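For reference, the structure is listed below as structure tokens.
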Amino acid sequence: MTSLNPSSPQQEPLLSIHSDSLTEILKQMGISLVVSTYQASKLIVVRSEQNYVNTHFKMFPKPMGIAVKNNRMALGVKSSIWELHNNPSAASHLEPQGKHDGCFVPRNVHFTGDIDIHEMAWCAQELWFVNTRFSCLCTLEKEYSFVPRWKPPFITAYDLRDRCHLNGLGIRDEKPRYVTALGETDQPNGWRGNKANGGILIDIETNQILLRGLSMPHSPRWYDHRLWLLESGHGGLCYLDNNSGKLITIAKLPGFTRGLDFYGNLAFVGLSQIRESAVFAGLPLTQTLEQRICGVWVVDIRNGNILAFLKFEEAVQEIFAVSVLPNMVFPDVIDADLEFIGMNYVLPDEAINQTEMPSSDWQFAETYFAKGNQLYTQGKLQEAIASFEKCLELDSSYLPARFNLGVILGNLGQYSQAIEQLEQVIQAEARHAEAYNSLGFIYSQQRQLDRAITYYRQAINVAPKFAQAHYNLGMTLLQLGEYQEGWKEYEWRLQTPQFMAFDPPQCRWQGEDISDKNLLVHTEQGVKEIIQFIRYLPLAAEKCQKLILVVPANLIPLLEKVEGIALIYTAQDIPLKSFDTYISLMSLPHIFSTTLDNIPHQVPYLTVPREGKEQLLTFIANQKKPNSVKVGLVWTVNNVCRLEDFLPILQLPHITFYSLEMGDCSQEIKTLPPDIQVIDLSPHLPDYGNLAVAINQLDLVISVDSPVAHLAGALNKKVWTVLPYNSDWRWLLDRNDSPWYPSMELFRQPQPQDLHSVFTIMSVDILTVLRYAKER
């Protein structure tokens, strides 16, 4: 999915586009990012929120260097350095309550004067920073604006006219160790004469210049036993080879690279468009890349592969620093919010021990409520339940705690207890729309859809613009096959936070005549949805002058031949001026008034790529057992089942089994009994084009509800889809076929967690496939 998210209102539009993978990386690693942009005077907090990335913009005057260590953050701005401390108790008071797991609150501001503060770092408990105007490294003392601690050996005097453009600072063993500069010069602004190739890397400990001839180097970092840096003028992420002493570039990125941090095997790299000014003119990057990008790119440092990206549009054009906030998924940073700062207190432990806290009144109950919200955000659901129950023990009328308790119980599948709590909320507050909506969701999970619809409608009656309730109602109606109202309600997803996918200045297409306009169709959810709804593009192309599709890069080999597409882009490549109007791919069924009777079901509607696939075709053919049928398997998506659940089928003779998992599943395959063989195709499946080639060679695909199942259906290949008891809306109810895919057969769990009967039935039905293959 590609998402465009509007930030909080500012004078100029602040838009961001991100890859789906960035959301997953932030979630799985339990991290967030802070990014500074002095050009836009913003500090950007980058955090995951449900299915998208939330970019939260905070106002600071010309922010540049960022240093984060433990629960402290230092931020260099125009004429001062701010020190902020993470205050978890303050996080519990942020709206919406219970969502934030960190809150950096200003504690000290040190005025340095305008010294063009660049990179910063904590060394033990001391903050070091690059004073670019005075060409030196500095620390802070209360009596002084700054204290110079080191300058390059070729700098003969402190001079506020920036003699070498000292910019980057790297730490090693808790000491400042490496710096970068744009020139080895000792004259005011002398570095400008050879900025394209005059950059240097210096070892502070020895005063040795390790590298010369760099193109605007930046961000030296010692990480994983290597010295890394960004060669910004080439857009490169590089490291210094310990043996040869040469600079090795592992990734070239589509922008001026500046700002670097690491977490695990990943590098988070800031990219800037760079303006055509005297400072940036003549750089190699301006000659090789006509369009440069501003954002954050995520690179696997083991192989240089780009795993994810965040791209800024419009007002944000330059990034300076990127820092990882570990163990914080959804933090906030407080800027000059005097009211909030004025209501937060941090005291020494001795004072806290002497502070009188209420024991059984409202405030005490509120404390347990805040603690429950924090535990919920951290995924500690049982502990959160205990906190909310303690809150209600102290104050049984505390409705927010009762509501949250009901929601968590519902999430854990404890439906009767959840309903009891939520019904009490409604009895106490008859216009509690969120409680009605949550009850609707719980009943939908139990497949009591009529009752779920009743509660969703009650939520909407109380709050007519409650987008989540409309969206839930839409999915439930679609599951019942009531498509006319269902698609209309489904459109409300675009007004929920997790689906605010695209918000450019152009108008959204509502079905009006656009025969003289260019239409951009963007994706918003996952690969399954893209494959299912791509069938609408020929219809949409008939309505416009030119149709432009934006999809993830790994889908382009599969989709580039779809009828009706004039141009196909990835999100980071699409120019905003290339289209006149836009629409989400998943809104096309509503535009074309889709019913069960008129679903576009001409198959196949995707084309199998042919060129350069000989190696894959040969591998599949060579692995086939004599006189056997070829069956592909997918099992890992959504934790519906495990590979061992397939044993009733895997034990059958005359079948060659192939894993169609695109990720590494070799370890799970090795757990199978030694007489069962599953051929792992994942090394041969770099994209969905190769996946289509593999599927096309098989006699049958057996898959959970996954992109593979949808792709097999779109290719009109025989596919059996394993569905959980409470399946997705697109599969309707109690059918073993799908109006979306004529070649698909559905195998549903008759009861929750009952996979045994599903695979037992399959093991019998597959004998028919074997008999048919023999007859051929």
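Per the UniProt record's numbering, the sequence shown starts with residue 1, numbered consecutively. Backbone N, C-alpha and C define an ideal beta-carbon position, used for all residues, glycine too. Quick caveat, the model's predicted, so the values are computed rather than measured.
Where residue i sits in the DSSP three-state scheme
i, result
"residue 361", "Reliability fails at residue 361, whose pLDDT of 48 lies under 50, so the model's placement of it is uncertain and the value that follows must be treated cautiously. Of the three classes helix, strand and coil, the one that applies to residue 361 here is coil, per DSSP."
"residue 287", "A caution first: residue 287 carries a pLDDT of 48, below 50, which makes its placement in the model too unreliable to give a value."
"residue 599", "coil"
"residue 308", "strand"
"residue 367", "helix"
"residue 424", "helix"
"residue 164", "coil"
"residue 64", "coil"
"residue 32", "strand"
"residue 189", "coil"
"residue 176", "strand"
"residue 281", "Confidence is the limiting factor: at residue 281 the pLDDT is only 43, short of 50, which leaves the residue's position unreliable and the question unanswerable from this model."
"residue 454", "helix"
"residue 267", "strand"
"residue 608", "coil"
"residue 475", "helix"
"residue 276", "The predicted model places residue 276 with a pLDDT of 40, which falls under 50 and marks its position as unreliable, so this point remains unresolved."
"residue 619", "helix"
"residue 19", "strand"
"residue 566", "coil"
"residue 392", "helix"
"residue 758", "helix"
"residue 199", "strand"
"residue 54", "strand"
"residue 412", "coil"
"residue 763", "helix"
Best match in the options for proximity to residue i [C-alpha to C-alpha]
i, options, result
"residue 181", "562, 475, 65, 213", "213"
"residue 149", "176, 296, 162, 99", "176"
"residue 383", "421, 393, 371", "371"
"residue 695", "643, 750, 634", "634"
"residue 295", "271, 304, 302, 303", "271"
"residue 638", "138, 703, 405, 596", "703"
"residue 73", "101, 112, 41, 121", "121"
"residue 400", "421, 228, 380", "421"
"residue 546", "563, 559, 202", "563"
"residue 643", "575, 710, 722, 717", "722"
"residue 326", "319, 92, 67, 218", "67"
"residue 743", "751, 763, 718", "718"
"residue 605", "655, 561, 495", "561"
"residue 162", "185, 194, 133", "133"
"residue 64", "114, 369, 334, 517", "114"
Proximity below 8 Å, CB of residue i to CB of residue j
i, j, result
"residue 332", "residue 365", "no"
"residue 196", "residue 233", "yes"
"residue 652", "residue 761", "no"
"residue 78", "residue 62", "yes"
"residue 164", "residue 152", "yes"
"residue 550", "residue 588", "no"
"residue 40", "residue 269", "no"
"residue 471", "residue 445", "no"
"residue 44", "residue 60", "no"
"residue 168", "residue 117", "no"
"residue 374", "residue 92", "yes"
"residue 523", "residue 576", "no"
"residue 123", "residue 174", "yes"
"residue 130", "residue 140", "no"
"residue 548", "residue 571", "no"
"residue 424", "residue 457", "no"
Assumed close pair residue i, residue j - CB separation to whole angstroms, cut-off 8 Å
i, j, result
"residue 321", "residue 738", "The pair is not a contact, with the Cβ atoms about 50 Å apart (cut-off 8 Å)."
"residue 489", "residue 477", "6 Å"
"residue 645", "residue 759", "6 Å"
"residue 53", "residue 85", "In fact, because the Cβ distance is near 25 Å, the residues do not count as touching under 8 Å."
"residue 405", "residue 388", "4 Å"
"residue 299", "residue 237", "6 Å"
Practice item. Decide if the region 674-690 is in contact with the region 548-555; the criterion is three or more beta carbon pairs, one per stretch, under 8 Å apart. Key: yes
| Within the chosen definition, does the region 608-623 reach the region 689-703 through at least 3 CB pairs nearer than 8 Å? | yes
| said: Quick test of the definition: if touching needs 3 or more C-beta pairs under 8 Å, does the region 534-549 touch the region 586-600? | reply: yes
Touch check for the region 617-626 and the region 728-744: three-plus C-beta pairs under 8 Å? The answer is no - the region 728-744 does not touch the region 617-626, with fewer than three Cβ pairs under 8 Å.
Would you call the region 570-582 and the region 504-520 touching, i.e. three or more CB-CB distances under 8 Å? yes
Give a yes or no on contact between the region 24-41 and the region 299-306, applying the rule of three or more CB pairs nearer than 8 Å.
Segments in contact, no.
**Prompt:** Does the region 424-437 come close enough to the region 461-468 that 3 or more CB-CB pairs lie under 8 Å?
**Reply:** yes
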